[in-house]
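Here the structure is laid out as structure tokens; the discussion comes afterwards.
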């Protein structure tokens, strides 16, 4: 990436880039893409995440979506069925209030998440954004894999 990063997105922690999931949902949700960041505000080097932030692609308004459910699966294999991917953690992202003029919603997590690979960590796990509390192909809006969200880019040596 060239030039400065002027976004208000959190750095550090973990990030899942969520791509649209082919489903039977209406056209409005079928093309939803988003970023889901797991972080601890003010502590970008933390190995745990106390907050989650869902940032929608530019053509979506947070207030137009009803409550969404985030499912962190036990596995990270996108080739397997959502129903066979297990359940590691789940939480609801509430609908934004009509006065919200932003493209994201952030919430504190009930229990912090570990930013590590394996054991109780979320790195490498599949994440589904669902329109209902039970993950299924019929209500999955978008999905991705959790990865590290680096603070800065390594400098290139020539």
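In the numbering used here, the protein residues as written are 1 to 158.
All C-beta atoms in this analysis are idealised placements derived from N, C-alpha and C, irrespective of residue type, glycine included.
1. Given residue 82, which residues of its chain have a CB within under 7 Å of its CB, disregarding the five upstream and five downstream residues?
2. By the 10 Å Cβ neighbour count, where 16 or more other Cβ atoms means buried, how is residue 47 classified, buried or exposed?
3. Between which two residues does the beta strand (DSSP E) harbouring residue 55 extend?
4. How about residue 87 and residue 74: are their beta carbons less than 8 Å apart?
5. Who are the Cβ neighbours of residue 17 in its own chain at under 7 Å, not counting the five residues just before and after it?
6. Rounded to whole angstroms, what is the Cα-Cα separation between residue 44 and residue 123?
7. Would you mind sorting residue 13 into buried or exposed? The rule is 16 or more other CB atoms within 10 Å of its CB.
8. Kindly identify the DSSP beta-bridge partner or partners of residue 72.
9. DSSP three-state call for residue 203: helix, strand or coil?
10. Whose C-alpha, out of 80, 68, 113, is nearest the C-alpha of residue 40?
11. State the beta-bridge partners of residue 148 as determined by DSSP.
12. Can you tell me the Cβ-Cβ gap for residue 105 and residue 93, rounded? I've got them flagged as a contact below 8 Å.
13. Whole-angstrom Cβ separation of residue 51 and residue 108, contact assumed at under 8 Å?
14. When the Cα atoms are used, what is the spatial distance from residue 147 to residue 132?
15. Is residue 38 helix, strand or coil when you go by DSSP?
Result, derived from the coordinates:
1. The residue you call residue 82 lines up with position 82 of the chain shown. Contacts found: 128, 135, 136, 137, 140.
2. The residue given as residue 47 occupies position 47 in the chain shown. Exposed, since its Cβ has fewer than 16 Cβ neighbours within 10 Å.
3. Here residue 55 is taken as the residue at index 55 of the chain shown, counted from 1. Per DSSP, residue 55 belongs to the beta strand (DSSP E) from 48-56.
4. By 1-based counting over the chain shown, the position of residue 87 is 87. By 1-based counting over the chain shown, the position of residue 74 is 74. Going by C-beta atoms, residue 87 is nearer than 8 Å to residue 74.
5. Indexing the chain shown from 1 puts residue 17 at position 17. Answer for residue 17: 35, 144, listed in chain order.
6. On the chain shown, residue 44 is found 44 positions in, with the first residue counted as 1. On the chain shown, residue 123 is found 123 positions in, with the first residue counted as 1. Their backbone Cα atoms lie some 16 Å apart in a straight line.
7. The residue you call residue 13 lines up with position 13 of the chain shown. Under this definition residue 13 is a buried residue.
8. Counted from its first residue, the chain shown places residue 72 at position 72. Looking at the DSSP assignment, residue 72 forms a beta bridge with 89, 127.
9. Nothing about residue 203 can be read from this structure; the chain reaches only from 1 to 158.
10. Your numbering for residue 40 matches position 40 in the chain shown. Ranking 80, 68, 113 by Cα distance to residue 40 puts 113 first.
11. Working through the chain shown from its first residue, we reach residue 148 at position 148. DSSP lists 14 as partners of residue 148.
12. One-based indexing of the chain shown puts residue 105 at position 105. One-based indexing of the chain shown puts residue 93 at position 93. Yes, they are in contact, since the Cβ atoms of residue 105 and residue 93 sit about 6 Å apart, within 8 Å.
13. One-based indexing of the chain shown puts residue 51 at position 51. One-based indexing of the chain shown puts residue 108 at position 108. Contact holds; Cβ gap of about 5 Å.
14. Position 147 of the chain shown holds residue 147. Position 132 of the chain shown holds residue 132. Those two C-alpha atoms are separated by around 24 Å.
15. Stepping through the chain shown from its first residue, residue 38 is reached at position 38. The answer is strand: DSSP assigns residue 38 an E or B state.
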